[in-house]
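Everything on this sheet refers to the single structure shown next.
There are 2 protein chains.
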Amino acid sequence: MTKSPKIIQIRKNILEDNDINAQKLRDKFKKHKILVVNIVSSPGSGKTELLTKLIPELNKQGIKVSVIVGDLKTENDANRIKKTRASTYQIQTDGNCHLEAHMIENALKNIDWKNSDILIIENVGNLVCPANYDLGENLRIVLMSVTEGEDKPLKYPTMFNSADVCVISKIDLAEAVEFNKKLAITNLKKINPDLKIIEASAKTLTGIKTLAETLIKY
Amino acid sequence: MTKSPKIIQIRKNILEDNDINAQKLRDKFKKHKILVVNIVSSPGSGKTELLTKLIPELNKQGIKVSVIVGDLKTENDANRIKKTRASTYQIQTDGNCHLEAHMIENALKNIDWKNSDILIIENVGNLVCPANYDLGENLRIVLMSVTEGEDKPLKYPTMFNSADVCVISKIDLAEAVEFNKKLAITNLKKINPDLKIIEASAKTLTGIKTLAETLIKY
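Heads up: the sequence lines are chains A and B, in that order.
Per the working numbering, the first sequence starts with residue 1, numbered consecutively.
Per the working numbering, the second sequence starts with residue 219, numbered consecutively.
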């Protein structure tokens, strides 16, 4: 059984609607001179933990941050991020496997985004579906933790191809999991030669300053 | 923007079609007295690595295994599993975020499933979408690696609720990542009180025999 033309057309329409909504968001963010970052990864790659270290580093450099975070259920991540004092809103997708531009538009009503320099969107943990949904961001960061294995870029090419930056997270565990960094970087570059790669650890703070500077300079 | 009734209806039809195809598969597997296991998890939780240890253990106990493995791209996982000599077929979904019953029906033409006692289906690494697609399995096993954090069952309730067994994988790393086992088990039981939980490590072989026995006894 292959997909019917009707289903393909409807999926195309959903993506086209999203693209229109995302462009409206991008125009709005540009008007307010706000950098918007969409962070994507597998579940458990350490997106939230990274943000709890990245946001204070950005604040130290005079940068105000607001955050929208997406999960199927729970307010857990928003509660963790709120401890940094960033204006934060949790979207609960109730089963939806990714965020869409119209959800971001709605979420903006609940945070003080106009007073921030950077809006960070932490997407639903999913290395497939979020790849196709533009959220009006300027920069897409994909996390790949050392515990996930080196071949993820080859297996999930759309996600790694659509990203601007790859953060290799939990780098402090590299030795314990026998992470082959050379192979991982070869695979990343094979899928996306322009990808900027940053090694990071929320535990040891490795790479947090570099990531903050990358955002500030963007 | 909420989803239109038209889109909701089409999604419902896709799931209904899949359920019909899955039931046909289940009838076929029953006729041939084959146990079918659907293994799901986040990307990089160690499904393939676990299978490279589980299959030889099953073989030792006289159980023949065939395998269907799903990924968006690459034959990597099938190549790793073939080293166990199990009859193995790789489905490349080319962007699709989950396996569907009709893909399994097609894949059966390429493996010696009728001569096996257990057919193992390794799903696409994704903790959201595969939850809704019955593949005609008798048993669904979800992997949760200790590196992913303890709150995954709460954040991805459909997946953990639809599983029969949860393998807590990479248990050898528990100390290094400060895994809170008690909290993880509390969260798992909260979502699914009937879930059988097995701690395992493909590295130290912890839990591999228990998992093999669980399948044999099923």
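Where a beta carbon is used, it is the ideal one built from N, C-alpha and C, also for glycine.
Item, Value
"Using the three-state DSSP reduction, which class does A:Thr48 fall into: helix, strand or coil?", "helix"
"Cβ closer than 7 Å: which chain B residues qualify as neighbours of A:Lys73?", "Leu372, Lys373, Pro375"
"When DSSP labels each residue in this structure, what does B:Ile252 get in the three-state scheme?", "coil"
"Between B:Asp382 and B:Lys407, what straight-line distance do the alpha-carbon atoms span, to the nearest angstrom?", "12 Å"
"So B:Asp335 and B:Leu253 are in contact, right, with Cβ under 8 Å, and what is the actual spacing, rounded?", "7 Å"
"Counting C-beta neighbours from all protein chains within 10 Å, is the total for B:Asn333 16 or more, i.e. buried, or is it exposed?", "exposed"
"If you draw a straight line from the alpha carbon of B:Glu293 to that of A:Ala200, how long is it in whole angstroms?", "30 Å"
"Roughly how many angstroms lie between the CA atoms of A:Val37 and B:Met377, to the nearest whole one?", "28 Å"
"Alpha carbon to alpha carbon, what distance is there between B:Asn324 and A:Ile208?", "47 Å"
"Along chain A, in chain order, which residues have C-beta atoms closer than 7 Å to that of B:Ala394?", "Leu173, Ala176"
"Would you check if the stretch 355-362 of chain B and the stretch 383-400 of chain B touch, i.e. whether three or more CB-CB distances between them fall below 8 Å?", "yes"
"Could you check which residue in B:Pro274, B:Lys388, B:Tyr436, B:Glu396 has the C-alpha nearest to that of B:Ser259?", "B:Lys388"
"Count the other CB atoms, across all protein chains shown, that sit within 10 Å of the CB of A:Thr186; report buried if there are 16 or more and exposed otherwise.", "exposed"
"Do A:Ala78 and A:Tyr89 count as a contact pair if the criterion is CB distance below 8 Å?", "yes"
"Looking only at DSSP bridge pairs, what is B:Gln308 linked to?", "B:Val287"
"Does the CB of A:Asp134 have a neighbour CB from chain B at under 8 Å?", "no"
"What is the C-beta distance between B:Leu317 and B:Ile309, in whole angstroms, given that I count them as a contact (C-beta under 8 Å)?", "6 Å"
"Starting from A:Lys182, trace the alpha helix (DSSP H) both ways and give me its first and last residue.", "181-191"
"Is the shortest distance between the beta-carbon of B:Cys315 and the beta-carbons of chain A less than 8 Å?", "yes"
"Counting only C-beta atoms, is A:Ile10 closer than 8 Å to chain B at any point?", "yes"
"So the beta strand (DSSP E) A:Lys196 belongs to, where does it begin and stop?", "196-199"
"Just to make sure I have the definition right: I need the residues of chain A whose C-beta is within less than 9 Å of the C-beta of B:Asn294. Which are they?", "Asp151, Leu154, Lys155"
"Is B:Ile359 close to the ligand ADP? I mean its beta-carbon at under 7 Å from any heavy atom of the ligand.", "With respect to the ligand ADP, the structure offers nothing, as it holds no ligand at all."
"Do you know offhand how far B:Glu340's Cα is from B:Asn350's?", "15 Å"
"Taking only beta-carbon atoms, is A:Asn59 less than 8 Å away from chain B?", "no"
"What does the Cβ neighbour count give for A:Tyr218, buried or exposed, with the cut at 16 atoms within 10 Å?", "exposed"
"Could you tell me the alpha carbon to alpha carbon distance between A:Lys28 and A:Asn13, rounded to whole angstroms?", "23 Å"
"Can you give the Cα-Cα distance for A:Leu215 and A:Asp94, rounded to whole angstroms?", "31 Å"
"Closer than 6 Å by C-beta to A:Ser45: which residues in its own chain qualify, once you throw out the five before and the five after it? Chain order, please.", "Leu143, Ser145, Ser169"
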